[in-house]
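Residue numbers (my numbering), protein chains in the order written: chain Z, 1 to 534; chain D, 1 to 534.
We put the CB at the ideal spot given by N, CA and C, even for glycine.
Owing to the predicted nature of the structure, the values given are computational and were not obtained by experimental measurement.
Worksheet for the structure shown next.
2 protein chains.
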Amino acid sequence: MPKIAYAQMKVLAGHPDVNTRKILNLIYEARAGGAKVVIFPSGAVPGKMIGDTESQRSFICECLDCGDEIAAASKDIVVFFGNFDANGISSYFCARNGEFFDENKLPWAVKCYIDYDFESEADFLIEHFSIPFSFDSKPYYCAPTNRPLISVGAVGVQNTGKTIYTFNGESAVFNSRGELVQYAEPFAECLNFVELFEIDKMPVINPPVETEAEKIYRALHYGVKEFLEQIGVGKVVVGVSGGIDSAVAAALYVQVVGAKNVYLVNMPSRFNSATTKGLSEQLAKNLGCKYFVVPIQESVDWTVKQLEGVGLSVSDFVKENIQARDRSARILAAVAASVGGVFTCNANKAESTVGYATLYGDEAGFLSALADLWKYQVYDLARYMNEKIYGFEAIPQGIIDIVPSAELSTAQNVDEGKGDPLRYDYHDYLLRAFAERNLTPEEILLWYAAGVLEDRIDCKAGLVEKYFLTAQTFIADLERWWKAFTGMGVAKRIQSPPILAVTDKPYGARHESQNGTHFTRAYRELKAELIGGK
Amino acid sequence: MPKIAYAQMKVLAGHPDVNTRKILNLIYEARAGGAKVVIFPSGAVPGKMIGDTESQRSFICECLDCGDEIAAASKDIVVFFGNFDANGISSYFCARNGEFFDENKLPWAVKCYIDYDFESEADFLIEHFSIPFSFDSKPYYCAPTNRPLISVGAVGVQNTGKTIYTFNGESAVFNSRGELVQYAEPFAECLNFVELFEIDKMPVINPPVETEAEKIYRALHYGVKEFLEQIGVGKVVVGVSGGIDSAVAAALYVQVVGAKNVYLVNMPSRFNSATTKGLSEQLAKNLGCKYFVVPIQESVDWTVKQLEGVGLSVSDFVKENIQARDRSARILAAVAASVGGVFTCNANKAESTVGYATLYGDEAGFLSALADLWKYQVYDLARYMNEKIYGFEAIPQGIIDIVPSAELSTAQNVDEGKGDPLRYDYHDYLLRAFAERNLTPEEILLWYAAGVLEDRIDCKAGLVEKYFLTAQTFIADLERWWKAFTGMGVAKRIQSPPILAVTDKPYGARHESQNGTHFTRAYRELKAELIGGK
Chain Z
1 MPKIAYAQMK
11 VLAGHPDVNT
21 RKILNLIYEA
31 RAGGAKVVIF
41 PSGAVPGKMI
51 GDTESQRSFI
61 CECLDCGDEI
71 AAASKDIVVF
81 FGNFDANGIS
91 SYFCARNGEF
101 FDENKLPWAV
111 KCYIDYDFES
121 EADFLIEHFS
131 IPFSFDSKPY
141 YCAPTNRPLI
151 SVGAVGVQNT
161 GKTIYTFNGE
171 SAVFNSRGEL
181 VQYAEPFAEC
191 LNFVELFEID
201 KMPVINPPVE
211 TEAEKIYRAL
221 HYGVKEFLEQ
231 IGVGKVVVGV
241 SGGIDSAVAA
251 ALYVQVVGAK
261 NVYLVNMPSR
271 FNSATTKGLS
281 EQLAKNLGCK
291 YFVVPIQESV
301 DWTVKQLEGV
311 GLSVSDFVKE
321 NIQARDRSAR
331 ILAAVAASVG
341 GVFTCNANKA
351 ESTVGYATLY
361 GDEAGFLSAL
371 ADLWKYQVYD
381 LARYMNEKIY
391 GFEAIPQGII
401 DIVPSAELST
411 AQNVDEGKGD
421 PLRYDYHDYL
431 LRAFAERNLT
441 PEEILLWYAA
451 GVLEDRIDCK
461 AGLVEKYFLT
471 AQTFIADLER
481 WWKAFTGMGV
491 AKRIQSPPIL
501 AVTDKPYGAR
511 HESQNGTHFT
521 RAYRELKAEL
531 IGGK
Chain D
1 MPKIAYAQMK
11 VLAGHPDVNT
21 RKILNLIYEA
31 RAGGAKVVIF
41 PSGAVPGKMI
51 GDTESQRSFI
61 CECLDCGDEI
71 AAASKDIVVF
81 FGNFDANGIS
91 SYFCARNGEF
101 FDENKLPWAV
111 KCYIDYDFES
121 EADFLIEHFS
131 IPFSFDSKPY
141 YCAPTNRPLI
151 SVGAVGVQNT
161 GKTIYTFNGE
171 SAVFNSRGEL
181 VQYAEPFAEC
191 LNFVELFEID
201 KMPVINPPVE
211 TEAEKIYRAL
221 HYGVKEFLEQ
231 IGVGKVVVGV
241 SGGIDSAVAA
251 ALYVQVVGAK
261 NVYLVNMPSR
271 FNSATTKGLS
281 EQLAKNLGCK
291 YFVVPIQESV
301 DWTVKQLEGV
311 GLSVSDFVKE
321 NIQARDRSAR
331 ILAAVAASVG
341 GVFTCNANKA
351 ESTVGYATLY
361 GDEAGFLSAL
371 ADLWKYQVYD
381 LARYMNEKIY
391 GFEAIPQGII
401 DIVPSAELST
411 AQNVDEGKGD
421 PLRYDYHDYL
431 LRAFAERNLT
441 PEEILLWYAA
451 GVLEDRIDCK
461 AGLVEKYFLT
471 AQTFIADLER
481 WWKAFTGMGV
491 AKRIQSPPIL
501 AVTDKPYGAR
511 HESQNGTHFT
521 RAYRELKAEL
531 IGGK
């Protein structure tokens, strides 16, 4: 009746020394707990997302040395763990009594499940993996395998440079019928034990049920906390406009680093309404953060004066972007440096998709924590935090109710109900079709012509008719955002901050070339049919 | 005696319609020129670097339609071309008289060389490829193949988002002994003809011989020109400091878009010397560009005053970065927007490696044209352009002679010979070992201890002794730059502009995770041996 331990450990990618120390401690603990086997995740020694570090010969050699040390510590216990092999290929190892073992030679057969190529005599199976968290994946699922299966994953955050992924562990024990009988708390380190021959007698349990907003909040909170810890930063500066994105970011960071370490900065120009200035102040009061008001109008005027002074003429559109850059690159970056912290990028996925943000302006920051969320998910998160995390309207209802607006010109006057050119209840879904499903205007226009668009992109019925009176206006809108997505959107994403992923389709994981906009011939033909011309 | 045409065409990635129109015209031209065969490069229809566009079903379908159109145009001529297959896999096709053909069924045997798996009965071989230009690769080389070989590549620029690659074509004809008998001018579109049965009788010729600076200049000029054309930009703003990088960038862009489309902007603070201000002005005069002086001192003082006004204290280091951001994000971005153009990032590869630049400051821009060049190559390029392109000291000798400096504080006073913390004659080579050879402090310290470091990293003998009197100072320097390379350097590169590649190891092509600095155990042990401690 062997007892088996499985370690849902936090793996620090690129630091085999740190991971190995932890593994050695966990082996000791597992043995002390009476385990005959201890199972670690894939990539437990090097981590998975280490980039070109895996081409460093000296790094591979250190990992191999660490592997030897782990094997040497395997007296009276079988240790499964992930590491590089001598060729620098990610592999899974088994050691016992100081020796590396082929797992089939062990006294009770175990078998790595990874290839789904298992033999009938195995007593139990191991599934070891390193798959980042995605809020819409089905957790704790296992097909029946005719024998118990122990699934073990790492926690922590790992990154590919442009994308920060969270790992929730998702370690669990399944009985021979593929039913869940034990699981480790997600996003937490733990060493769990299970009696092999008891597994099929254990009561079946249900995996935790969470709402979408709950899952997203948990992943964001964990990801931000771990990432800040890894880069050694404890103070966070958030530019707050009185809009929803910056308010949600502020509320999130307060939960992670505490109100006393969050600096909220409101930077009004003459276009900012008393309404949003008041909402920003209210937000800061509710969250209990330090709050600075640093106006930008003088600096913007001075910049325009300097440019006009050398003979340039500065259009209103250029002035809008001057404001955005003045806020982030002049004020927020300097405030962050002065307090010894970082400043945040509060962009959401809809804005990122169409590049509705200014480079070196609101597109700047150390991390985009919300850029894998569509606008409706940002609102959901606001309501969730108010209800479940803060227990009161920490994010003022006025911020949730106000029309989304950049407030960079009189055309974006919130008090007159004017704001962003995006109608999020429709565009969130149109843009998701582009960004997450590889759909193009060809399919969209086909579905529009067939009257099935809302159904196919999952948005509310009636919106297409509401927003677009004619095929002309529908097509103009479609082409506007497709051009933005494939044109300036790409150029801006190349220089944007890392994104905290909550799906398996964040920007940064996409491969994007700056090749300009293309409309397929089939699209152009269909368009000509619908509205004439070419 | 079949005549064969090969098309070194410019491929526009992601635009199959444009490429197909060109291919159809070239087929017509080839037929009119009496060719029985016409050969196009790999990926001629879709382009190679299209990112996730290859996951768009509508795009693949359009490419297949284009392929059918090309096949339909193959009356009385055999057409070889690259395209996607029905599964979206990059493939190479052959068509004749409106039908797709297996090439082995053709009246005179031809064979794709790509797998080096050819049979003896073939009359000639085709090599079709899409490899970006790298200045240090060996051009026009071919192993003997016992039959003539026609090699065809595309020209143009293609990009992966973060990296812009040039394609020089490198199309050529080799005889049965692998000797060069004809080649297409690099970086130029052309349709060349050759008589198959004459190839082995043609005189052997030598490939063009160029210096490193010549090759680099040609690739940069072509890459910048083509990229600007692709993104539809004709006006360029360069911040000029009086230093070498911005001067070389200015001289390069003037050659590409003409002096009247280049705006040079000098942005002095109180730390900028009369020397560098004078050199900037001289540069503008020599190049014949518009020249603006836009001081930043008032704005920097105002920013500091605003921050102090809300109770923050602003250190001298923070003030340095405020200056850098004020120049790029406040002035250059606004000037570029006002003239309807873009502004450049002038960083070199040594600075990029260690992040010796300010995010949203001198790290910003639409393109880093020099960021695949080490500092010594920037100097070489300056001398080359003065001698061969301008024919006079367009880049003033004073700019070449002055000590490299950011001039952000009195500690960087050029008139006192003070400047950058990098000793480029040594650090260029140390950093190249990190960035291009995957070496780490472990190997560097081993070689230092063995007295062979300069030889192993190819820098001038005597420099290590000159710069480092003790092992302590050597190690402190080594660790400083390794930390910079693996720490802030990575964070900055994630948000840096696209880089124009001239090697096969540009940043952007590397995979980098923001995992912090790691020193291997072997390194730490060797260090302890050399200087004690741990």
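Next on the checklist: Here's a check: name, in chain order, each residue in its chain whose Cβ is nearer than 6 Å to the Cβ of Z:L431, leaving out the five neighbours to either side.
Outcome noted: Hits under 6 Å: A350, T353.
Checklist entry - In terms of residue numbering, what span does the beta strand (DSSP E) encompassing Z:A44 cover? => result Annotation: Z:A44 is outside any beta strand (DSSP E) and is labelled neither H nor E by DSSP.
Checklist entry - What are the boundary residues of the beta strand (DSSP E) that D:R96 is part of? => result Unbroken beta strand (DSSP E) run through D:R96: 90-96.
Item to check | Residues near D:S42 by beta carbon distance below 6 Å, same chain, minus five either side | outcome: Around D:S42: G82, H128, F129, S130.
Checklist entry - From D:Y6, D:P497, D:E393, pick the residue whose C-alpha is nearest to that of D:A371; which is it? => result It is D:P497.
Item to check | Residues from the segment 41-59 of chain Z in contact with chain D, defined by Cβ distance under 8 Å | outcome: Here the close residues are G47, M49, I50, G51, D52, T53, S55, Q56, R57, S58, F59.
Item to check | Terminal residues of the beta strand (DSSP E) in which D:E127 lies | outcome: From DSSP, the beta strand (DSSP E) with D:E127 extends over 124-129.
Checklist entry - Would D:E529 count as contacting chain Z if we go by Cβ distances under 9 Å? => result It does not; no Cβ of chain Z falls within 9 Å.
Checklist entry - Name the chain D residues that come within less than 8 Å of Z:S513, Cβ to Cβ? => result Near Z:S513 (Cβ distances below 8 Å), the residues of chain D are A13, G14, M49, I50, G51, T53, Q158, N159, T160, G161.
Next on the checklist: Let me check understanding here. Comparing Cα to Cα, which of Z:T486, Z:T163, Z:G242, Z:F485 lies closest to Z:Q397?
Outcome noted: The shortest C-alpha separation from Z:Q397 is found at Z:G242.
Next on the checklist: Run through chain D and tell me which residues come within less than 9 Å of Z:A314, C-beta to C-beta.
Outcome noted: Strictly speaking, residue 314 of chain Z in this sequence is Val, with Ala absent from that position. Result: A334, A337, S338.
Checklist entry - Which class does D:E569 belong to by DSSP, given the choice of helix, strand or coil? => result Here chain D comprises residues numbered 1 to 534, so residue 569 of chain D is not present and cannot be evaluated.
Checklist entry - Taking buried to mean at least 16 other C-beta atoms within 10 Å of its own C-beta, is D:F535 buried or exposed? => result With chain D represented from 1 up to 534, any question about residue 535 of chain D goes unanswered, as that position is not in the structure.
Checklist entry - Checking contacts by CB at 9 Å: is D:A357 closer than that to chain Z? => result Chain Z contact via Cβ: absent.
Next on the checklist: Let me make sure I understand the geometry here. Which of Z:L526, Z:L332, Z:N175 has the alpha-carbon closest to that of Z:I205?
Outcome noted: Considering only alpha carbons, the answer is Z:N175.
Checklist entry - If we ignore side chains and look at the alpha-carbon of each, how far apart do D:H15 and Z:S513 end up? => result Separation of D:H15 and Z:S513 (C-alpha to C-alpha, rounded to the nearest whole angstrom) is 12 Å.
Item to check | Minimum length 3: unbroken beta strand (DSSP E) runs contained in the segment 285-309 of chain Z | outcome: Within the segment 285-309 of chain Z, the complete beta strand (DSSP E) segments of 3 residues or longer fall at 290-293, listed in chain order.
Checklist entry - What separation, rounded to the nearest whole angstrom, lies between the Cα atoms of Z:E281 and Z:V293? => result Using only the alpha carbons, I get a separation of about 9 Å.
Next on the checklist: I need the straight-line Cα distance from Z:V314 to D:A501, nearest angstrom please.
Outcome noted: The alpha-carbon atoms of Z:V314 and D:A501 are separated by roughly 34 Å.
Checklist entry - Taking the C-alpha atoms as reference points, what is the distance between Z:C66 and D:A382? => result The alpha-carbon atoms of Z:C66 and D:A382 are separated by roughly 49 Å.
Next on the checklist: Bridge partners for D:T166 per DSSP, in chain order?
Outcome noted: Beta bridge pairing from DSSP links D:T166 with D:V157.
Checklist entry - Would a check of beta-carbon distances place Z:G309 closer than 9 Å to chain D? => result Closer than 9 Å to some Cβ of chain D, the Cβ of Z:G309 qualifies, so yes.
Next on the checklist: Quick check: what's the CA-CA separation for Z:P207 versus Z:L149?
Outcome noted: Across the structure, Z:P207 and Z:L149 are spaced so that their CA atoms are roughly 16 Å apart.
Next on the checklist: My assumption, with CB atoms under 8 Å, is that Z:Y390 sits in contact with D:A364. Please give the rounded CB distance.
Outcome noted: Not a contact, Cβ separation roughly 37 Å.
Item to check | Backbone CA spacing between Z:D17 and Z:F59 [nearest angstrom] | outcome: So the alpha carbons of these two residues sit roughly 11 Å apart.
Item to check | Residues of its chain near Z:A73, where Cβ-Cβ distance is below 6 Å and the 5 sequence neighbours each way are ignored | outcome: So the qualifying residues of the chain are L24, I27.
Checklist entry - Who pairs with D:C190 in a beta bridge, going by DSSP? => result According to DSSP, which records beta bridges pairwise, D:C190 is partnered with D:Q8.
Checklist entry - If we ignore side chains and look at the alpha-carbon of each, how far apart do D:I126 and D:S151 end up? => result When rounded, the distance between both Cα atoms is 6 Å.
Checklist entry - Which bits of chain Z does D:I482 rub up against, with CB to CB less than 8 Å? => result Strictly speaking, residue 482 of chain D in this sequence is Trp, with Ile absent from that position. Result: empty, since nearest Cβ-Cβ is about 12 Å, beyond 8 Å.
Checklist entry - Straight-line CA distance for Z:G156 to D:V237? => result Their Cα atoms are separated by approximately 44 Å.
Item to check | D:C289 at chain Z interface by Cβ criterion, 9 Å | outcome: It does not: the Cβ of D:C289 has no partner Cβ on chain Z nearer than 9 Å.
Next on the checklist: Distance cutoff 9 Å, beta carbons only. Does Z:N438 sit that close to anything in chain D?
Outcome noted: With 9 Å as the cut-off, Z:N438 counts as an interface residue toward chain D.
Next on the checklist: With the cut-off set at 9 Å, would you say Z:D428 and Z:Y376 are in Cβ contact?
Outcome noted: Result yes, Cβ atoms of Z:D428 and Z:Y376 sit closer than 9 Å.
Item to check | Secondary structure of D:Q535, DSSP reduced to three states | outcome: No statement about residue 535 of chain D is possible, as the shown extent of chain D runs from 1 to 534 and does not include it.
Next on the checklist: How far does the beta strand (DSSP E) with D:Y263 in it extend, from its first residue to its last?
Outcome noted: For D:Y263, the enclosing beta strand (DSSP E) begins and ends at 262-266.
Next on the checklist: Pop quiz: Z:V335 and D:L312 are said to be a contact at Cβ under 8 Å. What is the actual Cβ separation, rounded to whole angstroms?
Outcome noted: Contact holds; Cβ gap of about 7 Å.
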